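Chains as they are written, first to last, in my numbering: chain A, 1 to 275; chain B, 276 to 550; chain C, 551 to 851; chain D, 852 to 1152.
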């Protein structure tokens, strides 16, 4: 075999896929803007398909909450919208034509969600509402959408964001997705006995949350990226980033073959490596 | 024209039809037992169709809450059940395949319902739950079903019952449908500012409720029935029955023709007069 | 390497053993339609006791379980046989004070399942105002609208531990197919499956997984929510399975007549339930010609 | 004597005059699908002011009304353009403190309409716990479960005075037909119509009443609930009308780009709304070839 090396997107897909377990229910929601659609919609779809084809045959994929276990290789659009006439013809195991599908969320049945934000802080709190003062914000954002439930009702949330200094802040200006709030014990105090963010995945690195301090901890840096590059773009305090990150594992040859040949054969979902 | 005189059922249909107005929403629910199915399902269906064909073109008929404005002349069954495969093929203006149709009830949009009971009292309270003590009843009945809402959410209720002494009591043993409770002001005190029974229609007579006393008042006696026959089978106190009833009007020739030729041409709904 | 999902097709007997004594269960269907009768018979054969049944509009599914002594408590709106009259065992048991009741108006009984499906603990309603239901049912509580519109009754979510429904078809993985032009009994069943994490579905027919993928819009109980699926043709007899066969009116009239006495009910129970070991034997007892004539040809797919 | 029911087919202009200044309205559609845009343009032309919009997932339907200065208050979960990014006028108006906001999580915003449809004044939820939404939204109140499961947020029903949706077809009496394989935007629209007594539906096409009677299962907004029906072909442009045509991505990208400045937005508003007198003129402005290519052939009936 003489393949192109994995692209950054394929590495990210592989990270997500490993975070998904068998017998789980995964939920994908709406994204705004082309970059978010790539990171937060296309990457998770490929990753969910990869997990199902490898280690998670009994998992269940809710795309936009209504397309269930679609044949990802036959995706009819680039998922620029959650809905659309052609998406209704996507070969799938089930469709749900009503908002009743939200019942699985309200009943705490969803294991994993995918989220993004304009700001994430060191405790994994997310903000899609407003930068600056809520009443007179410097930047008004899209609104909470489904983010509150992702962080309060789901089993865990994978945060996927472009790694830019302005997005990684010490304290978000508005909490639309409750991470670990102000630290250990805060979620539990509010009755949030499960859930919360499990990972921040960026185009440069992977963070997880320390079980004791609840602080984001740099776990691995993607191949080809230096630690200095990561730290330069990480806005929250460096104290919280132990200097022992490893290199993010690349997808196996088998996984790469599945992604490129079975899951996304025509490159609709993942930008293709050139060369 | 040389028709059979109107049957008792045709007279009852005519009474119901005159009680139904234009621009109204009418709701028909479940019945238990063959006699109740005739009185409480078949008669109102014919009456609703008659009203729509004469004076109420903008009314809307909810049969069992899911079959809307059916072509009554093509009823595929004798309505022994509210549901059934063949009822789903009944020509109709709309079907609603979900219990969401109850929204029109909860939103106080239904103008008229039809009800029956094992007991009705002088204030129009109805009982479909238990005769005797609730915990150890002498006769346990079917349960409240939709009767509470008929009397609390609808605009008015037409009570249709066989005229038997044991069914007409001074005070029901259990209120499953709230009539005027214990008299004037009781409904209002509970916040029931509209609704309640407007009529008790039997195979012998018509009662309405006095606007001041809220007591059932004998309004008319069907042709061929004597006042003595009515009073003998009316269990609640005679004081409340002023002795000035009139004869229930019979349907017009035009209405009879509509019933017999257009609405129930094959006699599936109304028993046919013999001779 | 495409891995196969778990196979959830099990026998009727194995499915019924999932229900422990003392469970809180909901049996699907409504009035004289779509009750999971084959499952009810098997529960009785297994002797599952002390059941709480949370229901809305029930018929002899519940009447049989009550008559056979398996029910401690019933949360409901109606038990009756529609054109065939009242439910004799239910009536007898209540008159003798043998079961605990919690009754509600019909839309409220429906809404309790929708409430569980929506993850809500309770909901406010005014439709039972003026009735004696709140007086006799301590689970109808008082609540004030925090937005100032006054007082309401609060009713709790249904929260069944197990939901058992009968449906037209499913695959061996537990995907369940319904018809597109559903009626209220079918819609209530779908809502009921969403009210619990433990779902058993008996189906008229197990179909190929490929058929499910051809009809994904009709897969309204997807396999990730199904605990077990059981093949039980005519599994709602003597009730209808809408679009597949009609109710057996002769059989229901017979039941309504004989169950009026304890002896008559015992005879019925012995003949149709205890003397029968399998669902196939039950079907033979009813007879091929009878079943053939109940069928509805020309379904809805 | 079969009498004819009332004819509810009126002009777009007459329909928009039904909305008074200061009304509380819901505009149907979700994300980049099925918004009643022809109606929005007409509202702007008529200058209807001081609107409260109660919404869930909105796009330029709401962005245009805000940008043109017609909105006082917005109850919502999202205003954005999906792949085309944020909603420029919404952003500008909020940053300048020009409109009052009451925001909710998305399923809660949906549920508010279902709650109105069910005649409930409020419902309990825990999904916004931990967020700052209850801190900034005084309409998120506290309530205790009377059954003892603890504290919840109480959210009020949506209670729109008017609901305006865009649908595939209807008859002149106001019966509205939907497709059988609906997606969330269509389902939310149907629920929204059930949340109000005053409903205006713009449709792609007025069809014969006989067509409705052939498809009674798809008549999901029956005429007794419709206030007015308006024929507005391509009435959701530049958004999709699912199964009928796609969204006009070029147009939406153009809107997202020009509306970033007040001047750009004003130019857009002048060109596409104020300089146009009728919906037909709007269609001519967009052009036959463009519209022809947005169509989806092979619908779902």
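All C-beta atoms, glycine included, are put in the ideal place defined by N, C-alpha and C.
These figures come from a predicted structure and were not determined experimentally.
Residue 1140 of chain D has a beta carbon lying at 8 angstroms or more from every beta carbon in chain A. Counting only runs of at least 3 residues, the segment 603-687 of chain C fully encloses the following beta strand (DSSP E) elements, listed from N- to C-terminal order: 621-626, 650-653, 672-675.
Taken atom to atom, the span from the alpha-carbon of residue 1012 of chain D to that of residue 796 of chain C is near 44 angstroms. Secondary structure of residue 221 of chain A (DSSP, three-state): strand. DSSP, read as helix, strand or coil, puts residue 830 of chain C in helix.
Contact between the segment 293-312 of chain B and the segment 632-639 of chain C is present, with at least three C-beta pairs closer than 8 angstroms. Under the three-state reduction of DSSP output, residue 344 of chain B falls in the strand class. At a cut-off of 8 angstroms between beta-carbon atoms, residue 763 of chain C makes no contact with chain D. Contiguous beta strand (DSSP E) elements confined to the segment 402-484 of chain B occur at 405-407, 412-415, 431-436, 472-477, 480-484, taking only those with 3 or more residues. Separation of residue 389 of chain B and residue 529 of chain B (C-alpha to C-alpha, rounded to the nearest whole angstrom) is 25 angstroms.
The beta-carbon separation of residue 879 of chain D and residue 1015 of chain D, rounded to 6 angstroms, stays under the 8 angstroms limit for a contact. Restricting attention to alpha helix (DSSP H) runs no shorter than 4 residues, the segment 732-813 of chain C encloses them at 734-743, 759-764, 799-808, ordered along the chain.
Residue environment analysis places residue 89 of chain A among the exposed positions, since fewer than 16 neighbouring C-beta atoms fall within 10 angstroms of its C-beta. Using a CB distance cut-off of 8 angstroms, residue 672 of chain C does not count as an interface residue toward chain A. C-alpha of residue 924 of chain D to C-alpha of residue 696 of chain C: approximately 21 angstroms in a straight line. Residue state for residue 81 of chain A is assigned as coil, using DSSP reduced to three classes. The beta carbon of residue 769 of chain C falls within 8 angstroms of a beta carbon belonging to chain A, placing the residue at that interface.
Out of B:535, B:539, B:452, the CA that lies nearest to the CA of residue 280 of chain B is found in B:535. Looking at the DSSP output, residue 335 of chain B shares a beta bridge with B:300. For residue 52 of chain A, there is no enclosing beta strand (DSSP E); the residue is found in the alpha helix (DSSP H) stretching over 43-54.
When 7 angstroms is used as the limit between beta carbons, residue 694 of chain C is near no residue of chain B, the shortest such separation being about 13 angstroms. Listed in chain order, the non-local C-beta contacts of residue 52 of chain A below 8 angstroms within the same chain comprise 59, 61, 69, local neighbours out to five positions each way being set aside. According to DSSP, residue pairing for residue 841 of chain C in a beta bridge does not occur.
According to the DSSP assignment, residue 895 of chain D belongs to the alpha helix (DSSP H) that extends over 888-897. Residue 289 of chain B: not part of any beta strand (DSSP E); member of the alpha helix (DSSP H) spanning 283-294, first to last residue. Within chain C, no residue has its beta carbon less than 7 angstroms from that of residue 369 of chain B; the closest one is some 12 angstroms off. For the options C:829, C:838, C:844, C:823, the alpha carbon positioned closest to that of residue 595 of chain C is the one of C:823. Taken atom to atom, the span from the alpha-carbon of residue 1106 of chain D to that of residue 302 of chain B is near 48 angstroms. Nearest C-alpha to residue 967 of chain D among B:392, B:384, B:397: B:384. When secondary structure is reduced to three states using DSSP, residue 511 of chain B falls in the coil class, being assigned neither helix nor strand. The closest CA to that of residue 690 of chain C, considering only C:704, C:658, C:789, C:663, is found on C:704.
Within a 10 Å sphere around the beta-carbon of residue 768 of chain C sit 16 or more other beta-carbons, which makes this residue buried.
At least one CB atom of chain C sits nearer than 8 angstroms to the CB of residue 1031 of chain D. Residue 46 of chain A is positioned such that its CB atom lies no closer than 8 angstroms to that of residue 268 of chain A.
Cβ-Cβ distances below 7 angstroms link residue 318 of chain B to 284, 287, 288, 291, 435 in the same chain, with the five nearest sequence neighbours on each side left out; the list follows chain order.
DSSP places residue 865 of chain D within a helical segment (H, G or I) once states are collapsed to three.
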